[in-house]
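Presented below is the structure to which this report refers.
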Amino acid sequence: MKRKDPIAEARRYVENARKTLNENGELDVETKLYQDEKYVRAAGNYLWLGVLMALDAVFNVRTDRRKRVNINDYLEAVGKRDKKLLSYVNAGYETMHLSMNYDGNHAKGVSDDGFRIANTIIDRCEMMLPTN
């Protein structure tokens, strides 16, 4: 099923990630570390899924939703068109997908970077979409 506005949907995922950390993250303000990696992982997953939605809207890498797409397919498609976006996607993969989602990195700075990179990628994808 094709989404009517994949950029709005991607932004909704970012908002869900923000809500997850703000409401459940239990940040220790002194150490700037989240106390429960469960919510960091969930936020990282939401962020990365939102980024993938935005990338799919522009680059059409995932043609069949039932098949898993390799990150290299995204990197190749993005690299052919926008080298700066490619840098952000690489950084986003490392930050949101690996550090936050897989590793559950507790550092608030890592999460803050994840949000910044996700928003940058989504904004850039939105600019690349053809206007109707």
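So my numbering is basically just the index in the sequence shown, starting at one, shifted up by 280. For glycine and all other residues, C-beta sits at the position ideal for the given N, C-alpha and C. Values in this document were obtained by computation on a predicted structure and should not be read as measured data.
Below 6 Å CB to CB, which residues in the same chain sit around ASN296 once its five sequence neighbours on both sides are set aside?
Here the set comprises TYR326.
Going by C-alpha to C-alpha distance, which of PHE339, LYS363, LYS318, VAL369 sits closest to ASP383?
For ASP383, the nearest C-alpha among the options comes from LYS318.
With DSSP as the reference, label LEU365 as helix, strand or coil.
Three-state result, LEU365: helix.
Just the C-alpha distance for ARG404 and LYS312, rounded to the nearest angstrom, thanks.
Looking at the two C-alpha atoms, the distance is approximately 29 Å.
How many Å lie between MET281 and ARG345 at the Cα?
Any reading at MET281 must be qualified, since the residue scores a pLDDT of 40, below 50, and its modelled position is unreliable; the value itself is stated next. Going by the C-alpha atoms only, they are around 9 Å apart.
Only counting runs of 4 or more residues, tell me where the alpha helix (DSSP H) segments fall wholly within the stretch 305-384, in order along the chain.
List check, alpha helix (DSSP H) in window: 317-339, 351-361, 363-372.
Assuming the contact rule is C-beta atoms closer than 8 Å, SER391 and LEU301 should be a hit. Round their C-beta distance to whole Å, please.
Rounded to whole angstroms, the Cβ separation of SER391 and LEU301 is 6 Å, and the two are in contact under 8 Å.
Nearest-angstrom Cα distance between PHE395 and LEU329?
Note on geometry: alpha-carbon atoms of PHE395 and LEU329 lie some 12 Å from one another.
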